[in-house]
């Protein structure tokens, strides 16, 4: 992504609907050559469908993917530390240097303390990094909304990785989240996550008011990731 | 506190203004005989001034103090676990059994993950425990307010234990917190904490709109804890 | 346990074989009246069988049990902090004040960092608290032995709470642990834990060279805890 | 480092003495272009002095440095998780994929639980990754030695970053560590760390029996990192 500026990437990214792909730490899918292939598949699908796709690879893949692929790249997390003597910790500056233009925070597999989440969101804003915050219930979503992230993803943890889609098994979690969140932060786009494995699940989420989806294993571990991404992106019916 | 019921203690407690005493883990002050003496001093001061005093001793002192003293007793924390195979962890049920009628959560020395804080607040409500949540900035206070605790205490961590009172050094932290919190949760009583060492500091907090204070070392390590409590309680000008 | 001194309790305790009862945090078994009943049952069984029984209740029950029962009481854990501004954390001094004469450290449900474990063991020695350290494999047992605890308990975590006794399902874990540990620390008594539910399981552990057992749910949640304790204690064939 | 195999890198690396450079997370020194410059300076110094130099950059720099520089590269840490659904965590497989041939574990800024440290060391061995374990005292060093790492570094945390060299301020920490470690694991090479800022400090460590040093800020934040590396490497008097 050497040919376009950060400012341009921001423009691409914030066009809804959004398909955010969390690579997690699957082996071998999330690392090395496999991760790059997945990123290329997403790039191709983004071009063809016009949907905004965010790539969220592990720390170790951030630079290679952000330098090779013309899609916005987010880190999966950053640690609540300032640069300095912090062996094995990743301050926000590290992912910025590696080419990330945003960061996922508070994923159910990497929850943050409230005070740290708040501090990291302020720091990300100050440094020009986009933020996507995960939450687990309508109420924590409301609390997260008060912290003013750029994007929120509601993911009931009990459905993550199950193939039981939140958008169909628990539609009320999405609608209540939208209702609670928008009382506090009316413009905040909300993505749906957890158990989403098909275009139908995506379409259901969009119909409920979600501005996109956060997906992991259904794409990352798919037999054909490119086809799965196209299936999901197409279900968002973007204004091309 | 064997002679009055939980319901009665609730009534006592929620009368504002409130002086909440966090015993922390000072040695020897916070433990054993010393802790009981401190609790007795608070009981005497509460009777004389009419101010509601909440005692917040370590886990190991909860039962003795709640059985011996006629004041509401809160735990300093509870762990985000359900009862079961959790060696060395304290579920909410443990402090309830030991006589606590409330719990302090998210103190700056014991921050909780947003999801855990939200879950513990729901559980405390369901089990009839009062909740006092600490926060560090106006923004995290707003987020905490969305989680509907019974009481909130704003404590800028950089002032805790310094003797520099938030109510005088950073009055805007209190007023902004009140403003942000009440947009989301208009009835939530806000206490002020951090650096409060005198009746004047307390009075300043009350004038700014705080419904009380959360104090630790200034009382716990005072030469004469009773006098210090009376000084602070008197500065709240309660409706006796 | 007001009538005998700490020194006397030590003597009682270090007589092998040892039956250590970890109350964990079961509800209602581990708390309040139920916890005290369990402790009394253990006291009676200890008198009748002559076996040394160590009680390991939650923090909130330490004082009541150590004041009411004539058996050695250990804490389930202590936090690696010095006394001071540590809201909701329990320094070693807290459990000492509450009547504990020892502490369980590094249970599989509450693992410690190597440096903290080492530091806490030194501190416990300096303060006169007995120590019982848990470990999960022969190799970590060897490492733990280098830190010179008073007692070690080998507990393969995958068997904890299963009812599949380490002493019968994985006897080689016990014998290899004894072999590795005694190369480094020849006098260290090793207890066996995990999945032990009957006198037969206890007897098997003793035959393999264990100096006792660490038991939780099989006793704590037993229909008749007293009978279960007697069954296990009797299986140790103490030199009365 | 595309031209030589992992097996060859191992040979280079295990030749003592060793200068291990922990990049930590200093900004801008530890990241991006600056990190690569530092790595190149080390490469040049290694060629000129014949000393084995290990580079230990942040996760985000692992691949670039291991692909560009002909020196062994270690990760600063790996998380105790298996590959899978672990957003923002780095399993050992991730750093292996990124070109690391070893891993630093249990640094004082990133301590591990004893059981996790033991498990990660076994896993590293099984996967062919070298291991360098940090410890803080002679006793924890003995415990760590029982876990059979490839290299050990003794670093009294109170000296890290101070410029007060362990080798001169606390020589007995090094000699006692050697003595304790070699009782348990006679062949284990021990490096010295903490406060080392000059060739003299390095020479003092070598004279005490250390097989090398672990250095961070003194090199990473040096005005001229190349000169500092040469100064330290030269002080090791390698058998060229």
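Residue numbers (the working numbering), protein chains in the order written: chain A, 5 to 244; chain B, 5 to 244; chain C, 5 to 244; chain D, 5 to 244.
Note that the Cβ used here is the ideal one computed from N, Cα and C, for glycine as well.
Worksheet item: What in chain C is Cβ-close to residue 140 (chain D), meaning under 7 Å?
Response: Here residue 140 (chain D) corresponds to residue number 136 of the fourth chain, with the count starting at 1. Simply 119.
Item to complete: Identify whether residue 223 (chain A) lies in helix, strand or coil by the three-state DSSP scheme.
Response: For this step, residue 223 (chain A) is matched to residue 219 along the first chain. Residue 223 (chain A) falls in the helix class under three-state DSSP.
Item to complete: Can you say whether residue 5 (chain B) is buried or exposed, counting buried as having 16 or more other CB atoms within 10 angstroms of its CB?
Response: Along the second chain, one-based indexing puts residue 5 (chain B) at 1. Caution is warranted here: a pLDDT of 38 is assigned to residue 5 (chain B), below 50, making its placement in the model unreliable, and the coordinate value is therefore given only provisionally. Its Cβ being crowded by 16 or more others within 10 Å, residue 5 (chain B) is buried.
Discussion item. Between the alpha carbons of residue 77 (chain A) and residue 125 (chain A), how many angstroms are there, rounded?
Written reply: In the first chain, the residue the question calls residue 77 (chain A) occupies position 73. In the first chain, the residue the question calls residue 125 (chain A) occupies position 121. Those two C-alpha atoms are separated by around 17 Å.
Item to complete: For the beta strand (DSSP E) containing residue 135 (chain A), list its first residue and its last residue.
Response: Sequence index remark: in the first chain, residue 135 (chain A) carries index 131 (1-based). Residue 135 (chain A) -> beta strand (DSSP E) spans 134–139.
Worksheet item: DSSP beta-bridge partners for residue 192 (chain B)?
Response: Stepping through the second chain from its first residue, residue 192 (chain B) is reached at position 188. Note: residue 192 (chain B) sits in no beta bridge, so no partner.
Discussion item. Please state the DSSP three-state secondary structure of residue 34 (chain B).
Written reply: Here residue 34 (chain B) refers to the residue found at position 30 when the second chain is read from its first residue. Residue 34 (chain B): coil per DSSP, three-state reduction.
Discussion item. One question on the structure: do residue 91 (chain A) and residue 220 (chain D) come within less than 9 Å of each other, judged by their Cβ atoms?
Written reply: In the first chain, the residue the question calls residue 91 (chain A) occupies position 87. In the fourth chain, the residue the question calls residue 220 (chain D) occupies position 216. Cβ atoms of residue 91 (chain A) and residue 220 (chain D): closer than 9 Å.
Discussion item. With a threshold of 9 Å between beta-carbons, can residue 172 (chain B) be considered close to chain A, or not?
Written reply: The residue given as residue 172 (chain B) occupies position 168 in the second chain. It does not; no Cβ of chain A falls within 9 Å.
Fill in: N-terminal and C-terminal residue of the alpha helix (DSSP H) that residue 210 (chain A) is part of
Residue numbering aside, residue 210 (chain A) sits at position 206 when the first chain is read from its first letter. Here the alpha helix (DSSP H) through residue 210 (chain A) covers 203–211.
Worksheet item: What are the residues of the region 86–102 of chain C that lie near chain B, defined by any Cβ-Cβ distance shorter than 7 Å?
Response: 87, 88, 89, 90, 91, 92, 93, 94, 95, 97, 98, 99, 101, 102
Worksheet item: First and last residue of the alpha helix (DSSP H) that includes residue 29 (chain A)?
Response: As a first step, residue 29 (chain A) is located in the first chain; it is residue number 25 there, counting from the start. Here residue 29 (chain A) belongs to no alpha helix (DSSP H), and DSSP marks it neither H nor E.
Worksheet item: Is the shortest distance between the beta-carbon of residue 164 (chain C) and the beta-carbons of chain B less than 9 Å?
Response: For the purposes of this step, residue 164 (chain C) is identified with residue 160 of the third chain, where counting begins at 1. Residue 164 (chain C) counts as touching chain B.
Discussion item. Tell me which residues share the same chain as residue 147 (chain C) and place their Cβ nearer than 8 Å to its Cβ, disregarding the 5 neighbours each side in the sequence.
Written reply: In the third chain, counting from the first residue as 1, residue 147 (chain C) sits at position 143. Around residue 147 (chain C): 118, 139.
Worksheet entry | Min CB distance residue 53 (chain D) to chain F below 9 Å | The displayed structure is made up of protein chains A, B, C and D, and chain F is not among them.
Practice prompt. Say whether the region 194–210 of chain D touches the region 164–183 of chain D, bearing in mind that this needs 3 or more beta-carbon pairs closer than 8 Å, one atom from each stretch.
Written response: yes
Worksheet item: Using 9 Å as the limit for Cβ to Cβ distance, is residue 44 (chain C) near chain B?
Response: Working through the third chain from its first residue, we reach residue 44 (chain C) at position 40. False, the Cβ-Cβ gap to chain B never drops below 9 Å.
Practice prompt. Note the first and the last residue of the continuous alpha helix (DSSP H) segment covering residue 107 (chain B).
Written response: Here residue 107 (chain B) refers to the residue found at position 103 when the second chain is read from its first residue. Per DSSP, residue 107 (chain B) belongs to no alpha helix (DSSP H); it is in the beta strand (DSSP E), 106–109.
Worksheet item: residue 246 (chain C) lies in the alpha helix (DSSP H); which residues open and close that run?
Response: Since the first residue shown for chain C is 5 and the last is 244, residue 246 (chain C) is missing from the structure and cannot be characterised.
Worksheet item: Any C-beta of chain B sitting closer than 9 Å to the C-beta of residue 151 (chain A)?
Response: Taking the first residue of the first chain as position 1, residue 151 (chain A) is located at position 147. So, interface residue.
Worksheet entry | Proximal chain A residues relative to residue 127 (chain D), where beta-carbon distance stays under 8 Å | Walking along the fourth chain from the start, residue 127 (chain D) turns up at place 123. What residue 127 (chain D) touches in chain A: nothing, since even the nearest Cβ is about 13 Å away.
Worksheet entry | Beta-carbon contacts of residue 178 (chain B) that lie in its chain and below 8 Å, excluding the five residues immediately before and after | As a position in the second chain, residue 178 (chain B) is number 174, starting the count at 1. Excluding sequence neighbours, residue 178 (chain B) sits near 158, 170, 171, 194, 196, 209, 212, 213, 214.
Discussion item. Any beta carbon from chain A within less than 9 Å of residue 181 (chain B)'s own beta carbon?
Written reply: On the second chain, position 177 is the one that residue 181 (chain B) refers to. Not an interface residue.
Worksheet item: Within the 9 Å Cβ cut-off, does residue 221 (chain C) reach chain B?
Response: The residue you call residue 221 (chain C) lines up with position 217 of the third chain. Yes, contact with chain B.
Item to complete: Go ahead and label residue 154 (chain C) buried or exposed: buried means 16 or more other beta carbons lie within 10 angstroms of its beta carbon, across all protein chains shown.
Response: Walking along the third chain from the start, residue 154 (chain C) turns up at place 150. The residue in question, residue 154 (chain C), is buried, as its Cβ has 16 or more Cβ neighbours within 10 Å.
Practice prompt. Check each residue of the region 26–38 of chain C: if its Cβ is closer than 7 Å to any Cβ of chain B, include it; give the result in chain order.
Written response: 26, 28, 29, 30, 31, 35, 36
Fill in: Rounded C-alpha distance that separates residue 131 (chain A) from residue 94 (chain C)
For the purposes of this step, residue 131 (chain A) is identified with residue 127 of the first chain, where counting begins at 1. For the purposes of this step, residue 94 (chain C) is identified with residue 90 of the third chain, where counting begins at 1. Approximately 39 Å between the Cα atoms of the pair.
Worksheet item: Beta carbon of residue 43 (chain D), beta carbon of residue 22 (chain D): below 9 Å?
Response: By one-based count along the fourth chain, residue 43 (chain D) stands at place 39. By one-based count along the fourth chain, residue 22 (chain D) stands at place 18. No; because the gap between Cβ atoms is not below 9 Å, this pair is not in contact.
Worksheet item: Going by beta carbon distance, what residues of the same chain come within less than 7 Å of residue 243 (chain A), once the five residues before and after it are set aside?
Response: To locate residue 243 (chain A), count along the first chain from 1; it is residue 239. Confidence at residue 243 (chain A) is low in this model, with a pLDDT of 47, below 50, so its placement is unreliable and the value that follows should be read with caution. Within the same chain, residue 243 (chain A) has no close Cβ partners at all.
Item to complete: Taking only the alpha-carbon atoms, compute the straight-line gap between residue 128 (chain D) and residue 135 (chain D) and give it to the nearest angstrom.
Response: Numbered from 1 along the fourth chain, position 124 holds the residue referred to as residue 128 (chain D). Numbered from 1 along the fourth chain, position 131 holds the residue referred to as residue 135 (chain D). The alpha-carbon atoms of residue 128 (chain D) and residue 135 (chain D) are separated by roughly 7 Å.
Fill in: CB contact below 9 Å: residue 65 (chain A) versus chain D
Residue numbering aside, residue 65 (chain A) sits at position 61 when the first chain is read from its first letter. Answer yes: the Cβ-Cβ gap between residue 65 (chain A) and chain D drops below 9 Å somewhere.
Worksheet item: Can you give the Cα-Cα distance for residue 150 (chain D) and residue 106 (chain C), rounded to whole angstroms?
Response: Residue mapping note: residue 150 (chain D) aligns to position 146 of the fourth chain, counting from 1. Residue mapping note: residue 106 (chain C) aligns to position 102 of the third chain, counting from 1. Distance between the alpha carbons of residue 150 (chain D) and residue 106 (chain C) is about 26 Å.
Worksheet entry | Residues that residue 68 (chain C) contacts on chain B, provided the C-beta gap is smaller than 7 Å | Taking the third chain and counting its residues from 1, one reaches residue 68 (chain C) at position 64. Those within 7 Å of residue 68 (chain C) in chain B are 67.
Practice prompt. Put residue 66 (chain C) into one of helix, strand or coil per three-state DSSP.
Written response: The residue given as residue 66 (chain C) occupies position 62 in the third chain. It is helical.
Practice prompt. Identify the contact partners of residue 113 (chain B) in chain C, using a Cβ-Cβ distance below 8 Å as the criterion.
Written response: Sequence index remark: in the second chain, residue 113 (chain B) carries index 109 (1-based). Within chain C, the residues near residue 113 (chain B) are 89, 90, 91, 92, 93.
Discussion item. Please report the distance separating the alpha-carbon of residue 7 (chain B) from that of residue 75 (chain B).
Written reply: To locate residue 7 (chain B), count along the second chain from 1; it is residue 3. To locate residue 75 (chain B), count along the second chain from 1; it is residue 71. The pLDDT assigned to residue 7 (chain B) is 44, lower than 50, so where the model puts this residue is not dependable; a value taken from the coordinates is nonetheless given after this. When rounded, the distance between both Cα atoms is 11 Å.
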